[in-house]
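Colleague:
Numbering (this note's numbering), first residue to last: -16 to 212.
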């Protein structure tokens, strides 16, 4: 029975679900969003319940994810893994597709019966206009439960991806309790900005479009102990 990859997340928040787990910055927009482990777990559970209860998906199913690094992307990825799905980042025949609204018209090569668009709004507001053929992720996910039951067996690749995440955490010297700064513009792979830090027991300060002039103060304010090379 394949181990579920989302247990990396469960183990990461177990010591203190109330502490800040993921803080998101985008210096191009001025956005700052902070989520505790419990808050992110709520979004993850809602996503997993959407997949299982509404779409009847689970181990053996595949999700396409056309999303840039973002705290909502973390919720989508961890929700998919929690439900036992395999995540595809390249065009494929998938069971469900999650896409940023600005990429909704660029989904050639993807085949999916159910499609969800995300605006990646700082306050997780619903879409003002939903692209044709898509549902609004934020609107749909809010209707689902705040807790997800026991993890099903992980889909193909869960164990291997968890091993890669642990190896990357070791490579970067991440230690439990680290407050890790990640430039997601330089490290867009979820293995780097999400899984490896969680596997190493770190909390995250994720920066998109980082302004070098702001980083020294941010390191001090966020009590950063380590940065991804």
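Ideal Cβ placement from N, Cα and C applies to all residues, glycine included.
1) Roughly how many whole angstroms lie between the Cα atoms of residue 83 and residue 41?
2) How far does the beta strand (DSSP E) with residue 8 in it reach, from first residue to last?
3) Looking at the secondary structure, which residues open and close the beta strand (DSSP E) in which residue -5 lies?
4) Per DSSP, what kind of secondary structure is residue 95 in: helix, strand or coil?
5) Which class does residue 216 belong to by DSSP, given the choice of helix, strand or coil?
6) Just reading off the alpha helix (DSSP H) that residue 56 is part of, what are its end residues?
7) Straight-line CA distance for residue 13 to residue 53?
8) Starting from residue 142 and walking both ways along the alpha helix (DSSP H), at which residues does that stretch end?
9) Measure how close the beta-carbons of residue 211 and residue 166 come, nearest whole angstrom, since I'm counting them as under 8 Å.
10) Look up residue 45 in the DSSP assignment and say whether it is helix, strand or coil.
11) Tell me whether the beta-carbon of residue 90 lies closer than 8 Å to the beta-carbon of residue 80.
12) What did DSSP end up calling residue -16 once you bin it into helix, strand or coil?
Modeller: Concretely, from the data shown:
1) 23 Å
2) 3 to 9
3) Element bounds for residue -5: not the beta strand (DSSP E) but the alpha helix (DSSP H), -10 to -4.
4) coil
5) Residue 216 lies beyond the stretch modelled for the chain, which goes from -16 to 212, so this question has no answer here.
6) 54 to 65
7) 14 Å
8) 141 to 154
9) 7 Å
10) strand
11) yes
12) Summary for residue -16: the model assigns pLDDT 40, below 50, so the residue's position carries little reliability; its value from the coordinates is reported in the next sentence. Looking at residue -16 - three-state DSSP - the assignment turns out to be coil, as it is neither helix nor strand.
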